[in-house]
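Student:
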Amino acid sequence: MGQPVREYLLTLCVTAAVTYLLTGPVRKFAIAAGAMPEIRARDVHREPTPRLGGIAMFGGLCAGLLVASHLTNLKSVFENSNEPRALLSGAALIWILGVLDDKWGVDALVKLGGQMIAAGVMVLQGLTILWIPIPGVGTVSLTPMQGTLLTVALVVITINAVNFVDGLDGLASGMVCIAAAAFFMYAYRMWFGYGIEAAAPATLFSVVLMGMCLGFLPHNMHPARIFMGDSGSMLIGLVMAAGAVSVTGQVDPDLLNLKAGGLREATHAMVPVYIPLLLPLTVIAVPVADLILAIVRRTWKGQSPFAADRGHLHHRLLEIGHSHSRAVLIMYFWSALIAFGAVAYSANNASMWIVLGIVLLSAVGLVLLLLPRFTPRAPLWAEWMVPPRYRRVAPAAMPAGTVAATEDGDAVEPEEEREPVPAGLHGATAIGDRSRFVGRRKADSHR
6 MGQPVREYLL TLCVTAAVTY LLTGPVRKFA IAAGAMPEIR ARDVHREPTP
56 RLGGIAMFGG LCAGLLVASH LTNLKSVFEN SNEPRALLSG AALIWILGVL
106 DDKWGVDALV KLGGQMIAAG VMVLQGLTIL WIPIPGVGTV SLTPMQGTLL
156 TVALVVITIN AVNFVDGLDG LASGMVCIAA AAFFMYAYRM WFGYGIEAAA
206 PATLFSVVLM GMCLGFLPHN MHPARIFMGD SGSMLIGLVM AAGAVSVTGQ
256 VDPDLLNLKA GGLREATHAM VPVYIPLLLP LTVIAVPVAD LILAIVRRTW
306 KGQSPFAADR GHLHHRLLEI GHSHSRAVLI MYFWSALIAF GAVAYSANNA
356 SMWIVLGIVL LSAVGLVLLL LPRFTPRAPL WAEWMVPPRY RRVAPAAMPA
406 GTVAATEDGD AVEPEEEREP VPAGLHGATA IGDRSRFVGR RKADSHR
């Protein structure tokens with residue numbers, strides 16, 4: 006078992022190194038190409054930042070798959086399955102669409118259609134859901150049409166869920182990296198723990214996805230020098246969805262039943278992946294929750310589900326008093342808790358210690374969320390002795406043009422000083438639109 010681990014580690018390092026080394030030149034290219042949109046009223050960053058980081062991430066994906074195809078143990082994945090080629094084909098399409106969107110903007114319907122085409126290309130090459138293991142019912146085989154529709158829906162939902170949280174520096178890449186690490190542990194256990202070869206592609210996809218995110222993170226951490234853009238967020242969302250489809254719809258539950266030693270053991274092993282539509286919720290639950298809440302919020306207000314606003318989870322963390330870096334770390338914490346909690350529960354769902362640990366960590370997470378509410382305030386007579394964040398000065402009392410600072414040095418201008426911009430279709434969602442008349446309406450630029 007040691008040699009496959011070393012090969013996975015080599016694939017991870019190559020993917021991360023190529024992504025990291027390519028990001029610098031890509032940043033210079035994005036600046037030269039003019040892929041630096043103006044700042045909008047709802048944006049968190051205060052300086053124009055280049056995007057197109059997805060170009061470097063796609064280079065890391067290709068390098069990782071190329072290296073894996075020549076390794077002793079991992080090359081069998083390419084010989085016995087067409088799924089890596091299917092992933093690369095779909096990733097190339099979604100990446101091209103994202104690059105065009107980052108530079109010029111793509112209509113919402115065109116973007117949605119492109120996502121469906123990319124998913125359809127993967128389905129045509131064999132990366133599709135064949136059956137669904139349902140508790141109490143058993144294995145339900147799907148017709149080709151049902152499998153295609155379910156696969157396309159899962160891919161589109163996951164792509165947009167990842168894209169929705171791409172609003173703070175390092176947030177999307179870090180959360181997806183955490184989810185991919187948890188998913189790798191689960192898929193690796195199915196492959197080498199139970200000897201199920203059908204789980205091998207999902208294991209490889211998870212390693213490559215981790216490498217893409219780890220290589221890009223140093224350039225994207227606050228303050229970010231480059232954004233991944235839709236070319237990156239849609240790409241990592243598609244890779245995550247491909248792994249979910251592979252391990253859920255391709256692994257035969259009857260074979261797992263035989264390998265696990267009985268129906269009860271097989272049922273326990275399949276706990277987190279009973280239904281494919283629930284798999285993204287277990288590994289990227291926070292982005293999916295943000296997606297659902299955003300759609301409900303905007304629909305309730307009579308707006309388009311893809312209209313821009315400042316109501317995402319990361320925006321709310323900033324509003325209640327968290328700094329930029331702390332908000333990102335809190336989102337990391339919840340992603341890790343849900344993803345690794347699901348994996349731990351699938352490994353031993355009979356242990357009460359796992360459940361108690363998850364409950365305890367959830368309580369810790371709630372305390373962290375409400376931490377700004379518990380910030381001590383100095384009495385009025387002692388305010389001159391303490392830092393500004395402990396004083397009782399209301400934001401409205403700040404003079405016009407004053408710029409406050411958060412704990413980690415982020416510049417925050419008073420809300421009334423920011424030019425209001427009407428919400429419209431934009432790049433905050435993977436199927437959003439944005440104005441092509443940047444010179445006339447600078448506020449409608451991407452991100």
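Residue numbering for the sequence shown is 6 to 452, as defined by the numbering used here. All C-beta atoms in this analysis are idealised placements derived from N, C-alpha and C, irrespective of residue type, glycine included.
Could you spell out the range, first to last residue, of the alpha helix (DSSP H) harbouring Leu-222?
Tutor: The residue you call residue 222 lines up with position 217 of the sequence shown. Per DSSP, Leu-222 belongs to the alpha helix (DSSP H) from 205-225.
Student: Going by the DSSP bridge assignment, what does Trp-136 pair with across the sheet?
Tutor: Translated into positions along the sequence shown, residue 136 becomes position 131. Trp-136 pairs with Ser-146.
Student: Are there 16 or more other CB atoms within 10 angstroms of the CB of His-75, so buried, or fewer, so exposed?
Tutor: On the sequence shown, residue 75 is found 70 positions in, with the first residue counted as 1. Around the beta carbon of His-75, a 10 Å sphere encloses fewer than 16 other beta carbons of the protein chains shown; the residue is thus reported as exposed.
Student: Would the beta-carbon of Met-62 fall within 7 angstroms of that of Met-245?
Tutor: As a position in the sequence shown, residue 62 is number 57, starting the count at 1. As a position in the sequence shown, residue 245 is number 240, starting the count at 1. Going by C-beta atoms, Met-62 is not nearer than 7 angstroms to Met-245.
Student: Tell me which residue opens and which closes the alpha helix (DSSP H) that Gln-120 is part of.
Tutor: The count along the sequence shown starts at 1 and reaches residue 120 at position 115. Looking at the DSSP string, the run of the alpha helix (DSSP H) that includes Gln-120 is 113-129.
Student: Nearest-angstrom Cα distance between Pro-9 and Leu-79?
Tutor: Position 4 of the sequence shown, counted from the first residue, corresponds to residue 9. Position 74 of the sequence shown, counted from the first residue, corresponds to residue 79. Distance between the alpha carbons of Pro-9 and Leu-79 is about 7 angstroms.
Student: If you measure from the beta carbon of Leu-209 to each beta carbon in chain C, is any gap under 7 angstroms?
Tutor: Here chain C cannot be found, since the structure has a single protein chain.
Student: Near Gly-242, what residues of its chain come up, given a Cβ to Cβ distance below 6 angstroms and the 5 sequence neighbours on each side ignored?
Tutor: Here residue 242 corresponds to residue number 237 of the sequence shown, with the count starting at 1. Hits under 6 angstroms: Thr-163, Ile-164 and Val-167.
Student: By the DSSP assignment, the alpha helix (DSSP H) with Trp-358 in it spans what residues?
Tutor: Numbered from 1 along the sequence shown, position 353 holds the residue referred to as residue 358. That run of the alpha helix (DSSP H) goes 357-374.
Student: Where Phe-34 and Ile-183 are concerned, what is the direct C-alpha to C-alpha distance, given to the nearest angstrom?
Tutor: Your numbering for residue 34 matches position 29 in the sequence shown. Your numbering for residue 183 matches position 178 in the sequence shown. Taking the straight line from one Cα to the other gives about 29 angstroms.
Student: For a test of the three-state rule: what should DSSP assign to Ala-40, helix, strand or coil?
Tutor: Counting from 1 along the sequence shown, the entry for residue 40 is found at position 35. Ala-40: coil per DSSP, three-state reduction.
Student: Please report the straight-line C-alpha distance between Gly-59 and Val-364, rounded to a whole angstrom.
Tutor: As a working note, residue 59 is residue 54 in the sequence shown. As a working note, residue 364 is residue 359 in the sequence shown. If I take the Cα positions, the gap works out to 37 angstroms.
Student: His-329 lies in the alpha helix (DSSP H); which residues open and close that run?
Tutor: Reading the sequence shown from its first residue, position 324 is the one you call residue 329. First-last of the alpha helix (DSSP H) with His-329: 329-352.
Student: Go to Gly-307, then tell me how far its alpha helix (DSSP H) extends in each direction, as first and last residue.
Tutor: Working through the sequence shown from its first residue, we reach residue 307 at position 302. Here Gly-307 belongs to no alpha helix (DSSP H), and DSSP marks it neither H nor E.
Student: Please report how far the alpha carbon of Ile-297 lies from the alpha carbon of Ile-325, in whole angstroms.
Tutor: As a first step, residue 297 must be located in the sequence shown, where it is residue number 292. As a first step, residue 325 must be located in the sequence shown, where it is residue number 320. Ile-297 and Ile-325: Cα-Cα distance of roughly 21 angstroms.
Student: Just checking my contact of Thr-153 with Val-250 at CB under 8 angstroms: how many whole Å lie between their CB atoms?
Tutor: Here residue 153 is taken as the residue at index 148 of the sequence shown, counted from 1. Here residue 250 is taken as the residue at index 245 of the sequence shown, counted from 1. About 11 angstroms separates the CB atoms of Thr-153 and Val-250; that is not less than 8 angstroms, and the two are not in contact.
Student: Using a Cβ-Cβ cut-off of 8 angstroms (strictly less than) and excluding sequence neighbours within five positions of Asn-225, which residues of its own chain qualify?
Tutor: Here residue 225 corresponds to residue number 220 of the sequence shown, with the count starting at 1. These residues qualify, in order along the chain: Gly-58, Asp-174, Gly-175, Ser-178, Ile-231, Phe-232 and Met-233.
Student: What does a CB cutoff of less than 8 angstroms around Leu-98 pick up in its chain, not counting 5 residues either side in sequence?
Tutor: Locating residue 98 in the sequence shown gives position 93, where the first residue counts as 1. Gly-119, Ile-122, Ala-123 and Val-126, listed in sequence order.
Student: Hey, Ala-171 and Ser-238 are a contact pair by Cβ (cut 8 angstroms); roughly how many whole angstroms apart?
Tutor: Here residue 171 corresponds to residue number 166 of the sequence shown, with the count starting at 1. Here residue 238 corresponds to residue number 233 of the sequence shown, with the count starting at 1. Correcting the residue type first, residue 171 is Asp in the shown sequence and not Ala. The Cβ separation is near 5 angstroms, so the contact holds.
Student: Excluding the 5 residues flanking Leu-282 on each side, which residues of the same chain have their C-beta closer than 7 angstroms to its C-beta?
Tutor: Position 277 of the sequence shown, counting from 1, holds the residue named residue 282. For Leu-282, the predicted structure reports a pLDDT of 45, less than 50, and the residue's modelled location is therefore unreliable. A value from the coordinates is still provided. For Leu-282, where only same-chain residues beyond five positions count, the Cβ hits under 7 angstroms are Leu-159.
Student: Does DSSP classify Met-233 as helix, strand or coil?
Tutor: On the sequence shown, residue 233 is found 228 positions in, with the first residue counted as 1. Look at Met-233 here: in three-state DSSP terms it is coil, with no helix or strand label.
Student: Within 10 angstroms of its Cβ, does Gly-39 collect 16 or more other Cβ (buried), or is it exposed?
Tutor: Locating residue 39 in the sequence shown gives position 34, where the first residue counts as 1. When all chains shown are included, Gly-39 counts as exposed.
Student: Measure the alpha-carbon distance for Ala-524 versus Leu-214 and round it to whole angstroms.
Tutor: Outside the displayed span of the chain (6 to 452) sits residue 524, for which this structure offers no information.
Student: Is Ile-325 near the ligand SAH, going by C-beta to nearest heavy atom under 6 angstroms?
Tutor: Ligands displayed in this structure: none; no statement on the ligand SAH is therefore possible.
Student: Whole-angstrom Cβ separation of Ala-205 and Val-82, contact assumed at under 8 angstroms?
Tutor: Taking the sequence shown and counting its residues from 1, the one referred to as residue 205 is at position 200. Taking the sequence shown and counting its residues from 1, the one referred to as residue 82 is at position 77. Between Ala-205 and Val-82 the beta-carbon gap is near 5 angstroms, inside 8 angstroms, which marks them as a contact.
Student: What's the gap between the Cα of Ala-349 and the Cα of Leu-361?
Tutor: Within the sequence shown, the letter at position 344 stands for residue 349. Within the sequence shown, the letter at position 356 stands for residue 361. Ala-349 and Leu-361 have their C-alpha atoms some 12 angstroms from each other.
Student: Going by DSSP in three states, Asp-295 sits in which element: helix, strand or coil?
Tutor: On the sequence shown, position 290 is the one that residue 295 refers to. DSSP places Asp-295 in helix when its eight states are reduced to three.
Student: Where does Leu-219 land, buried or exposed, given buried means 16+ other C-beta within 10 angstroms?
Tutor: Reading the sequence shown from its first residue, position 214 is the one you call residue 219. Its Cβ being crowded by 16 or more others within 10 Å, Leu-219 is buried.
Student: With Ile-60 as the anchor, note down where its alpha helix (DSSP H) starts and where it stops.
Tutor: The residue given as residue 60 occupies position 55 in the sequence shown. From DSSP, the alpha helix (DSSP H) with Ile-60 extends over 59-73.
Student: Return the CA-CA distance between Tyr-199 and Phe-189, expressed in angstroms with no decimal places.
Tutor: Position 194 of the sequence shown, counted from the start, is the residue given in the question as residue 199. Position 184 of the sequence shown, counted from the start, is the residue given in the question as residue 189. Roughly 15 angstroms between the two C-alpha positions.
Student: How far does the alpha helix (DSSP H) with Asp-107 in it reach, from first residue to last?
Tutor: Counted from its first residue, the sequence shown places residue 107 at position 102. Asp-107: member of the alpha helix (DSSP H) spanning 88-108, first to last residue.
Student: Count the other CB atoms, across all protein chains shown, that sit within 10 Å of the CB of Met-357; report buried if there are 16 or more and exposed otherwise.
Tutor: Position 352 of the sequence shown, counted from the first residue, corresponds to residue 357. Its Cβ having fewer than 16 others within 10 Å, Met-357 is exposed.
Student: Tell me where the alpha helix (DSSP H) around Val-82 begins and ends.
Tutor: For this step, residue 82 is matched to residue 77 along the sequence shown. Residues 80-85.
Student: Alpha helix (DSSP H) containing Gly-179: first to last residue?
Tutor: The residue you call residue 179 lines up with position 174 of the sequence shown. Residues 176-193.
Student: Give the straight-line distance between the Cα atoms of Thr-24 and Leu-71, rounded to the nearest whole angstrom.
Tutor: Position 19 of the sequence shown, counted from the first residue, corresponds to residue 24. Position 66 of the sequence shown, counted from the first residue, corresponds to residue 71. Roughly 14 angstroms separates the two Cα atoms.
Student: One question on the structure: do Ala-96 and Leu-209 come within less than 7 angstroms of each other, judged by their Cβ atoms?
Tutor: Here residue 96 refers to the residue found at position 91 when the sequence shown is read from its first residue. Here residue 209 refers to the residue found at position 204 when the sequence shown is read from its first residue. Contact: no.
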